[in-house]
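Residue numbers (my numbering), protein chains in the order written: chain R, 16 to 584; chain U, 3 to 84.
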């Protein structure tokens, strides 16, 4: 891999990767079972250079913010490379947000450029708020012939001839602004420097080194901190190959493992569970003698891999299982949300190493990771090299708030000094997560201090952000909470949002109100929906400016109501 | 051959969903939130979409399912491609 210490910016490291491994394959893009793109590092550079030149001609300046809203595909990485080559600041936005949320974040980030997939652009342009869009240049990918692009350019035609000039950036300059969540109320744009990424990349590859020939399957959205690092920066600075799949259909994901002989993949728990379900269903179909034999082999594999993974041996013991994953899988990297230890153990027992980690966008990508020495299903691993982790104010069981210090931390939240000051104190990032260390230096997470949930798909959802959709609901007042914030649990998982309703005097919850709640709930992306409601019989405590005192209300609810009183929506 | 009516498409979707997720057909109605009624996550919903593609012999990009959570809207998306 490249020696990252010698680079001042992500752009510089990526540029050198193109020269170092010109003939290695760096990127494959497949749509279902059809391969659409296969590029060597040299091809990649050839595709990116005309875009870099066109950006230069468009007066692109160092520090210009450029958003990308696209599903995983080659044009995502080519655009990101070009933006970083030209000294820009990348603003990767989640394509699963609504068009209105895209507009809000584009405005908040003050992006000057935007690269966007056609279907997403079409949705943005159909909103009345589109008129206020402040982006100057928009590049739209894969627009049909004759489509009205509302002033945007076609990505495929936005190119110029000639050699672009690389723009030097320093380690302390901003590389990316990544939104950890908070679209409605208070956008949380994490400002991450080139130093953050280069340090984080060096730490991760020290434990899980990539090299030419390694193939990483990229199915998490590239805008997500994990995939941006492990599915772009990491493989590229090591000469490895990224495989993009344009669909998340489980059957094609399974097929891609085999077709492309995948070495690594990062997964969120939801995808891991789906794979587990598929395997268990297959095992259940086996005739009793075969099932018995399989169980014996799994038992033997467990015994042989107790102290460390022995992938070559496991592949021999359980060849059919490993063939289903392409036969060359080295590890599954799991993070983004709480993962059930039994699921992790299931895969490890089959001889598939699972590296479960913990991280947050504010810390660039990962804070802790399992080093598999030995495998532990019950922890999120040990702090990465160069990362300090402390448990603040531990209780009798050693549980307290997890705090992190490292060079990989964000420098601040964009345009929010108050929130930054609450989140980073004396160089320590307060994560809002509760945890404890065991005697082996492994971190165990035990709950959340923050009023938020993290879904099995790895999405952070803040209750304040989704309240907008319930505005005008025919009740006296309402408020949304994370259930685990109201009734803390010493575990993660089963996270859900609860809509607390204060009805008007004499009002009853009836079918009409229920339907109204359901209908509004459906306007939210599926992962943001409220799961339960709770009837509350007192007025909400409010500040002098009539804002709900959330902390006080939460304390009252926790004291007098129980989880069992919540009603499913 | 003329395209089937939307009611027919909707009915076939409900039949397939009931069969695939082993839910009694009579428990499913067009305006149900299929995540909730079938108790599935978004990946299982994509699995259902694949089955529907095979059945109707069409191809729907994943994004067509974005924001869709009831059978009726799903039927409209499929009908538009028949």
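All C-beta atoms in this analysis are idealised placements derived from N, C-alpha and C, irrespective of residue type, glycine included.
{"Query": "Let's test the definition: count the other Cβ atoms within 10 Å of the Cβ of residue 613 of chain R and tell me whether it reaches 16, buried, or not, exposed.", "Result": "Residue 613 of chain R is absent from the structure shown; chain R starts at 16 and stops at 584."}
{"Query": "Would you list, in sequence order, the uninterrupted alpha helix (DSSP H) runs of no fewer than 4 residues that lie entirely inside the stretch 373 to 461 of chain R?", "Result": "432 to 438"}
{"Query": "Thinking just about the alpha-carbon of each residue, which of R/205, R/229 and R/253 is nearest to the one in residue 216 of chain R?", "Result": "R/253"}
{"Query": "Under 9 Å between C-beta atoms, does residue 473 of chain R make it to chain U?", "Result": "no"}
{"Query": "Ends of the alpha helix (DSSP H) at residue 95 of chain U?", "Result": "Look at the range of chain U in this structure, 3 to 84, and you will see that residue 95 of chain U is not part of it."}
{"Query": "With 9 Å set as the bound, which would you pick, yes or no: does the beta-carbon of residue 238 of chain R sit closer than that to a beta-carbon of chain U?", "Result": "no"}
{"Query": "Say whether chain U places a C-beta atom closer than 9 Å to the C-beta of residue 297 of chain R.", "Result": "no"}
{"Query": "Return the residue from the list R/355, R/381, R/383 and R/391 that minimises the CA-CA distance to residue 368 of chain R.", "Result": "R/391"}
{"Query": "At a CB distance below 7 Å, what residues from the stretch 49 to 65 of chain U approach chain R? Give them in sequence order.", "Result": "49, 52, 64 and 65"}
{"Query": "I need the straight-line Cα distance from residue 16 of chain R to residue 29 of chain R, nearest angstrom please.", "Result": "11 Å"}
{"Query": "Does the separation of the CB atoms of residue 488 of chain R and residue 530 of chain R fall below 9 Å?", "Result": "no"}
{"Query": "Could you name each continuous beta strand (DSSP E) segment of 3 residues or more that falls completely within the stretch 90 to 128 of chain R, going from the start of the chain to the end?", "Result": "104 to 107"}
{"Query": "Got a sec: is the Cβ-Cβ distance from residue 69 of chain U to anything in chain R below 9 Å?", "Result": "yes"}
{"Query": "Rounding to the nearest angstrom, what Cα-Cα distance links residue 71 of chain U and residue 499 of chain R in this structure?", "Result": "26 Å"}
{"Query": "Would you verify that the beta carbon of residue 478 of chain R is, or is not, closer than 9 Å to some beta carbon of chain U?", "Result": "no"}
{"Query": "Return the CA-CA distance between residue 79 of chain R and residue 102 of chain R, expressed in angstroms with no decimal places.", "Result": "8 Å"}
{"Query": "Can you pull out the residues from the stretch 120 to 145 of chain R whose beta carbon lies closer than 7 Å to at least one beta carbon of chain U?", "Result": "134"}
{"Query": "Leaving out five residues on either side along the sequence, give the residues of the same chain with a beta carbon under 8 Å from the beta carbon of residue 580 of chain R.", "Result": "549 and 550"}
{"Query": "Taking all protein chains shown into account, do 16 or more other C-beta atoms lie within 10 angstroms of the C-beta of residue 536 of chain R, making it buried, or fewer, making it exposed?", "Result": "buried"}
{"Query": "If you measure from the beta carbon of residue 43 of chain U to each beta carbon in chain R, is any gap under 9 Å?", "Result": "yes"}
{"Query": "Can at least three beta-carbon pairs, one atom from the stretch 280 to 289 of chain R and one from the stretch 346 to 361 of chain R, be found at a separation below 8 Å?", "Result": "yes"}
{"Query": "Whole angstroms is fine: what's the gap from residue 50 of chain R's alpha carbon to residue 93 of chain R's?", "Result": "17 Å"}
{"Query": "Residues in the same chain with beta-carbon distance under 8 Å from residue 212 of chain R, minus the five sequence neighbours each way, listed in chain order, please.", "Result": "25, 190, 191, 244, 248, 379 and 423"}
{"Query": "Please work out which residues of its chain come closer than 6 Å, Cβ to Cβ, to residue 273 of chain R, disregarding the five sequence neighbours upstream and downstream, and give them in chain order.", "Result": "341"}
{"Query": "Run down chain U in chain order and give the residues with a C-beta less than 9 Å from the C-beta of residue 540 of chain R.", "Result": "68 and 69"}
{"Query": "For residue 412 of chain R, tell me which candidate among R/436, R/460, R/430 and R/179 has the shortest Cα-Cα distance.", "Result": "R/460"}
{"Query": "Whose CA, out of U/35, U/58 and U/66, lies closest to the CA of residue 8 of chain U?", "Result": "U/58"}
{"Query": "Determine which residues of the stretch 243 to 267 of chain R have a Cβ less than 7 Å from any Cβ of chain U, and write them out in chain order.", "Result": "262, 263, 264, 265 and 266"}
{"Query": "Can you check whether the C-beta of residue 286 of chain R is within less than 9 Å of a C-beta belonging to chain U?", "Result": "yes"}
{"Query": "Can you name the residues of chain R whose CB is closer than 7 Å to the CB of residue 23 of chain U?", "Result": "Under the 7 Å cutoff, chain R gives no residues; its nearest Cβ is about 12 Å from residue 23 of chain U."}
{"Query": "Flag this pair as touching only if the stretch 433 to 452 of chain R and the stretch 311 to 324 of chain R have three or more C-beta atom pairs under 8 Å; answer yes or no.", "Result": "no"}
{"Query": "In whole angstroms, give me the CA-to-CA distance for residue 299 of chain R and residue 130 of chain R.", "Result": "46 Å"}
{"Query": "Residue 100 of chain R and residue 179 of chain R - do their beta-carbons sit closer together than 9 Å?", "Result": "yes"}
{"Query": "When you compare the CB of residue 533 of chain R with every CB in chain U, is at least one pair closer than 9 Å?", "Result": "yes"}
{"Query": "Name the two residues that bound the continuous beta strand (DSSP E) containing residue 216 of chain R.", "Result": "Counting along the chain, residue 216 of chain R falls outside any beta strand (DSSP E), though it belongs to the alpha helix (DSSP H) covering 209 to 222."}
{"Query": "With H, G and I counted as helix, E and B as strand and the rest as coil, what does DSSP make of residue 323 of chain R?", "Result": "coil"}
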